[in-house]
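Report on the structure given below.
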Amino acid sequence: MVEKRQRSTVNGQRDLPREAEARALALLDQVKDPEVPVLSVVELGIVRDVEVDDAGAGITVTVTPTYSGCPAMPVIEEEIVAALEAGGFRAVAVKVVYAPAWTTDWIPESAREKLRAYGIAPPGDVTAEQLVPLGPVVRRVACPFCGSNDTGTTSEFGATACKSLHVCRACRQPFEHFKAF
Ligand SMILES: [Zn+2]
200 MVEKRQRSTV NGQRDLPREA EARALALLDQ VKDPEVPVLS VVELGIVRDV EVDDAGAGIT
260 VTVTPTYSGC PAMPVIEEEI VAALEAGGFR AVAVKVVYAP AWTTDWIPES AREKLRAYGI
320 APPGDVTAEQ LVPLGPVVRR VACPFCGSND TGTTSEFGAT ACKSLHVCRA CRQPFEHFKA
380 F
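Position 35 of the sequence shown, counted from 1, bears residue number 234 in the numbering used here, the numbering being contiguous throughout.
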C-alpha cells in the first residue's frame with residue numbers, strides 16, 4: 200500500500216496537496232506494468248509514495264522496481280510521467296528507491312485475484328513437495344484455471360525473468376506463474 204503522510208490543514212482551508220495526491224494515484228492506477236498488463240503500478244506496489252509540494256506545483260513519485268535490473272522500469276517511469284502530465288501535473292519527478300526491496304507480498308489479494316482471472320498463477324500459490332527424504336524439492340504451482348496442484352514446470356523463465364512457465368495436468372492448460380520474491 201502507498202503510505203500517505205499526514206498533513207495538517209491550516210485555518211480550515213482545503214488540503215490541496217492531499218487532493219492532488221489522490222488524483223495522481225487515480226491517474227497512476229491507469230499505468231499498467233508492461234510485463235503484467237492486467238495490474239497497475241499501484242496494484243503491484245511499485246508506486247510507494249506520491250508527494251505534491253505545498254504550492255501544488257511539483258509532484259514526486261517514489262517507485263521501487265519489482266526487481267533490480269527490471270528491464271521494464273525505464274518504460275514504466277516514462278509512462279508514469281506521461282500519465283501525470285496528461286492529467287495536468289507539471290514538474291513530475293520520479294524517485295527510484297531500492298530499499299526496502301520490492302516483494303511480491305506488496306501485491307494485495309484483490310490484485311492476486313486479477314492475476315488468477317488473467318491466467319497467471321499469483322506469487323505464493325506454491326506448495327513445495329519433497330519427493331523422497333533429502334531428494335529434490337518440487338515446487339507445485341496451483342493452476343489459475345482449475346486450481347489443481349497437479350502441475351509441471353515447463354520453464355523457470357517465461358517471457359520475462361519474473362515469470363515461469365507451467366502446464367496443468369488436470370485441465371492441460373499452459374500458464375504463467377508470477378514468481379514470489
Ligand atoms: Zn488446470
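The beta-carbon is built from N, C-alpha and C at its ideal position, and this holds for glycine as well.
Nothing here was measured: the structure is a model prediction, and the numbers come from that model.
Residue i versus residue j - alpha carbon distance
| i | j | result |
| --- | --- | --- |
| residue 227 | residue 346 | 32 Å |
| residue 316 | residue 323 | 16 Å |
| residue 140 | residue 368 | Since the first and last residues shown for the chain are 200 and 380, residue 140 lies out of range. |
| residue 304 | residue 350 | 23 Å |
| residue 338 | residue 218 | 45 Å |
| residue 385 | residue 294 | Residue 385 is absent from the model: the chain starts at 200 and stops at 380. |
| residue 290 | residue 372 | 47 Å |
| residue 220 | residue 344 | 37 Å |
| residue 278 | residue 292 | 12 Å |
| residue 275 | residue 370 | 35 Å |
| residue 299 | residue 270 | 19 Å |
| residue 206 | residue 216 | Confidence at residue 206 is low in this model, with a pLDDT of 43, below 50, so the placement of that residue should be treated as unreliable; the coordinate-derived value is given next. Between residue 206 and residue 216, the C-alpha separation is close to 9 Å. |
Cut-off 8 Å between Cβ atoms - residues of its own chain near residue i, not counting five sequence neighbours on either side
| i | result |
| --- | --- |
| residue 223 | 249, 251, 258, 260, 283, 286, 288 |
| residue 375 | 318, 319, 320, 357, 358, 362, 363, 364, 365 |
| residue 239 | 227, 228, 229, 230, 231, 232 |
| residue 354 | 363, 364 |
| residue 313 | 237, 238, 242 |
| residue 296 | 247, 261, 262, 263 |
| residue 326 | 338, 339, 341, 348 |
| residue 245 | 232, 262, 263, 264, 265, 275, 301 |
Same chain, Cβ closer than 6 Å to residue i, five either side skipped, listed in chain order
| i | result |
| --- | --- |
| residue 242 | 310 |
| residue 247 | 261, 263 |
| residue 272 | 264 |
| residue 234 | 271, 359 |
| residue 379 | 303, 322, 323 |
Where residue i falls: helix, strand or coil (DSSP)
| i | result |
| --- | --- |
| residue 338 | strand |
| residue 304 | helix |
| residue 216 | helix |
| residue 364 | strand |
| residue 210 | Its pLDDT being 39, under 50, residue 210 is placed unreliably in this model, and the coordinates cannot settle the point. |
| residue 273 | helix |
| residue 245 | coil |
| residue 296 | coil |
| residue 347 | coil |
beta-carbon residue i near ligand 3 non-hydrogen atom, thresh 8 Å
| i | result |
| --- | --- |
| residue 378 | As far as ligands go, the structure on display features ligand 1 and does not contain ligand 3. |
Quiz: which residues have CB nearer than 6 Å to ligand 1 non-hydrogen atoms:
For ligand 1, the selected residues are 342, 344, 345, 347, 367, 369, 370, 372.
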